[in-house]
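Heads up: the sequence shown runs through residues 4 to 214, numbered per our numbering. Glycine residues also receive a C-beta, built at the ideal position from the N, C-alpha and C atoms. What follows is a short report on a single structure.
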Amino acid sequence: MKSCVLFDFDGVIINSEPVIKAAFTLSFRDIVGRGEPPVREYLSHMGDSFDRIMSKMSLPTQMYPVFRDYSTRLSNLIEVFPGISELLRELRSEGVATGLVTGKDRRRVDELIEVLGLPGFDAIVGGDEIENPKPHPQPLLRALDMLGVQAEQAWMIGDSPNDIVAARSAGVSSCAVTWGIGSRRELEDVKPDVLVSSPAELRSLLLKAAA
Numbered sequence: 004m005k006s007c008v009l010f011d012f013d014g015v016i017i018n019s020e021p022v023i024k025a026a027f028t029l030s031f032r033d034i035v036g037r038g039e040p041p042v043r044e045y046l047s048h049m050g051d052s053f054d055r056i057m058s059k060m061s062l063p064t065q066m067y068p069v070f071r072d073y074s075t076r077l078s079n080l081i082e083v084f085p086g087i088s089e090l091l092r093e094l095r096s097e098g099v100a101t102g103l104v105t106g107k108d109r110r111r112v113d114e115l116i117e118v119l120g121l122p123g124f125d126a127i128v129g130g131d132e133i134e135n136p137k138p139h140p141q142p143l144l145r146a147l148d149m150l151g152v153q154a155e156q157a158w159m160i161g162d163s164p165n166d167i168v169a170a171r172s173a174g175v176s177s178c179a180v181t182w183g184i185g186s187r188r189e190l191e192d193v194k195p196d197v198l199v200s201s202p203a204e205l206r207s208l209l210l211k212a213a214a
């Protein structure tokens with residue numbers, strides 16, 4: 004029986020990829036100015052903090068405030084994936100604790116939860132609240148500690164290899180979803196415990212595991 008579900012945010016709960024791509028492209032052009040914005044490489048690091056991604060890509064951290072500004076201005080383009088809000092409410096009604104573990108900074112997460120009318124989470128760990136973002140297990144372990152849940156009682160739901168690697172390191176069961184940013188091949192390569200192709204499949208898995 005699983006009594007807890009941890010979710011990644013971008014690509015699992017919210018469809019923010021178009022906004023992420025646009026905000027990164029615009030901030031790159033504003034701050035760097037030359038060359039083609041390496042959007043695909045940036046997306047491959049999803050789950051890590053923006054500053055750490057910039058370091059890995061040898062890009063200036065000065066892009067962040069510009070990226071954040073564009074992301075905020077484009078928030079109206081972000082949508083919750085169909086069926087996810089209902090699933091979150093159903094899990095909570097069944098007594099399953101829900102957590103959000105994301106590379107987004109906490110202020111931005113709280114803004115989006117309010118703007119999109121998402122149900123509350125029992126624990127939230129933002130990328131600016133921990134020292135070692137995913138794929139390190141620290142953010143998952145922090146969420147489990149906040150919830151008072153053992154690793155073997157939890158799922159981690161993610162759309163990127165970083166989510167799956169972090170789950171394995173934390174001793175948490177992993178479920179990869181194919182409607183997000185990561186490709187099916189990338190997800191299969193890191194061998195999640197389960198891979199699902201729709202929110203309906205995810206609902207069936209999680210409610211069955213909670214019974």
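Rounded C-alpha distance that separates residue i from residue j
| i | j | result |
| --- | --- | --- |
| residue 9 | residue 22 | 23 Å |
| residue 140 | residue 173 | 5 Å |
| residue 185 | residue 208 | 20 Å |
| residue 136 | residue 214 | 31 Å |
| residue 154 | residue 73 | 37 Å |
| residue 81 | residue 25 | 12 Å |
| residue 14 | residue 4 | 26 Å |
One or two residues paired with residue i in a DSSP bridge
| i | result |
| --- | --- |
| residue 127 | 103 |
| residue 198 | 179 |
| residue 82 | 18 |
| residue 166 | DSSP output for residue 166 lists no bridge partner at all. |
| residue 49 | 51 |
| residue 13 | 17 |
The alpha helix (DSSP H) enclosing residue i, as first and last residue numbers
| i | result |
| --- | --- |
| residue 160 | Premise fails: residue 160 lies in the beta strand (DSSP E), 157–161, not in any alpha helix (DSSP H). |
| residue 53 | 53–60 |
| residue 68 | 66–76 |
| residue 214 | First-last for residue 214: undefined, no H or E at that position. |
Residues near residue i in its chain [Cβ-Cβ closer than 7 Å; skip 5 each side]
| i | result |
| --- | --- |
| residue 12 | 103, 105, 107, 112 |
| residue 125 | 100, 101, 102, 150 |
Residue from the options whose Cα sits closest to the Cα of residue i
| i | options | result |
| --- | --- | --- |
| residue 33 | 209, 65, 50, 56 | 65 |
Residue span of the beta strand (DSSP E) that contains residue i, given as start and end
| i | result |
| --- | --- |
| residue 112 | Unbroken run through residue 112 is the alpha helix (DSSP H), 109–119; no beta strand (DSSP E). |
| residue 8 | 7–10 |
Cβ-based neighbour list, residue i, same chain, cut-off 8 Å, excluding 5 preceding and 5 following
| i | result |
| --- | --- |
| residue 84 | 15, 16, 17, 18, 182, 202 |
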